[in-house]
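Structure, as structure tokens:
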Ligand code: TYM
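Residue numbers (the working numbering): 1 to 326.
Right, here's the structure in full:
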């Protein structure tokens, strides 16, 4: 069976971007692959986190994975910092990465523009840690949103570089990026990606937002003055709503446009809200139950760490041997 690795940062409240861009694809792929789904807490501390909140968000992220339909008995669900090999391989790969490569990363460039000199070195080297995550597990496929594509290319480049220097070691991973859900956009500025770290709460929908909030945020989402429903780059807000619609129902975007012919933006917004509420409410109920059952969550992440250690220690051993460590 081929391997999948993917992860989400527990750095805030997960959004429907994380859900449609990542989790929903994981659910689809879990029966055909041997999957490692990680809660990447080491990545989360690239920006300052409040310890109590971080602890809560790590568990909540695990609960969301399970509540969304990821089977903890079939897949390996674990917390990144519980497997020390990630940090260790990350250091090694640091020494094979060029400054220019990490400086070119769009996400780093955007964040450094905002924070200037006070940006952490962790934010700069973060894609190398991500490469370590992926390469440790002989990963074939990495299901992510399109914002992670560049990071994945770095992982491929590093794997190839290492293999060329020391002979075949790492598998070269492929991205899995779906067409309609790979970039769910910001509801207030639909030319930007929806992000859990955005300052404006109306710009994103959390997986755990309640019915009223979802309706309010969708009804306030920015559209345009064209007035008819088309799937077009001239109507980014509407296009985004159609993509959300399609991510839930699986319907083709053309069929969705046809369905709303002669209807108004209010109709589309109303239907998208209904679909979202329907999709998320069952997950929310299960998350609540799971968060009340911390012993169960603890068992899952402890078993997960054991399985992840078992699956990855050989790779690190092989890497160290090839480098010349004793
Ligand atoms: P993170 O935590 O920012 O996002 C987690 C996943 O959600 C996807 N995503 C989106 N997809 C569509 N539309 C959006 N608006 C949207 N926002 C987020 C992301 O593409 C991602 O798939 N570096 C990664 C986490 C990571 C990782 C890994 C992923 C660490 N190691 C190894 C895969 C493999 C990150 O910060 O994702």
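Backbone N, C-alpha and C fix where the C-beta goes; we use that ideal spot for every residue, glycine too.
If you run the structure through DSSP and keep just helix, strand and coil, what is residue i?
i, result
"residue 186", "coil"
"residue 34", "strand"
"residue 142", "strand"
"residue 218", "helix"
"residue 8", "strand"
"residue 18", "helix"
"residue 206", "strand"
"residue 171", "coil"
"residue 134", "helix"
"residue 193", "strand"
"residue 108", "helix"
Can you give the Cα-Cα distance for residue i and residue j, rounded to whole angstroms?
i, j, result
"residue 3", "residue 41", "21 Å"
"residue 261", "residue 235", "15 Å"
"residue 138", "residue 321", "17 Å"
"residue 157", "residue 140", "15 Å"
"residue 250", "residue 18", "17 Å"
"residue 68", "residue 316", "32 Å"
"residue 190", "residue 180", "14 Å"
"residue 46", "residue 80", "14 Å"
"residue 87", "residue 43", "10 Å"
"residue 94", "residue 318", "17 Å"
"residue 36", "residue 71", "11 Å"
"residue 164", "residue 170", "10 Å"
"residue 328", "residue 98", "With the chain running from 1 to 326 in the structure shown, residue 328 is simply not present."
"residue 124", "residue 133", "16 Å"
"residue 307", "residue 323", "26 Å"
"residue 302", "residue 77", "9 Å"
I'd like the list of long-range same chain contacts for residue i, defined as Cβ closer than 6 Å, with 5 residues on each side in sequence excluded.
i, result
"residue 244", "272"
"residue 263", "none"
"residue 122", "46"
Going by beta carbon distance, what residues of the same chain come within less than 8 Å of residue i, once the five residues before and after it are set aside?
i, result
"residue 281", "211"
"residue 269", "218, 219, 221, 241"
"residue 257", "229, 230, 231, 242"
"residue 120", "46, 47"
Just to confirm my understanding: we take residue i, look at its own chain, exclude 5 residues before and 5 after, and list those with CB closer than 7 Å. What are they?
i, result
"residue 200", "188"
"residue 63", "287, 290, 291, 297"
"residue 284", "208"
"residue 277", "211, 214"
"residue 155", "130, 131, 134, 135, 173"
"residue 168", "none"
"residue 25", "143, 176, 178"
Taking C-beta to C-beta, are residue i and residue j nearer than 8 Å?
i, j, result
"residue 61", "residue 14", "yes"
"residue 147", "residue 193", "yes"
"residue 197", "residue 11", "yes"
"residue 106", "residue 150", "yes"
"residue 184", "residue 144", "no"
"residue 142", "residue 247", "no"
"residue 162", "residue 85", "no"
"residue 254", "residue 223", "no"
Is residue i near ligand 2, in the sense that its beta carbon is under 7 Å from a heavy atom of that ligand?
i, result
"residue 99", "For the structure depicted, ligand 2 is absent and the ligand set comprises only ligand 1."
- Message: Quick check for students: name the residue ranges of the alpha helix (DSSP H) that lie wholly in the stretch 240–307, counting only runs of 4 or more.
- Response: 253–259, 265–291
- Query: Where are the alpha helix (DSSP H) runs, 4 residues long or more, that stay fully inside the stretch 45–73, in chain order?
  - Reply: 51–68
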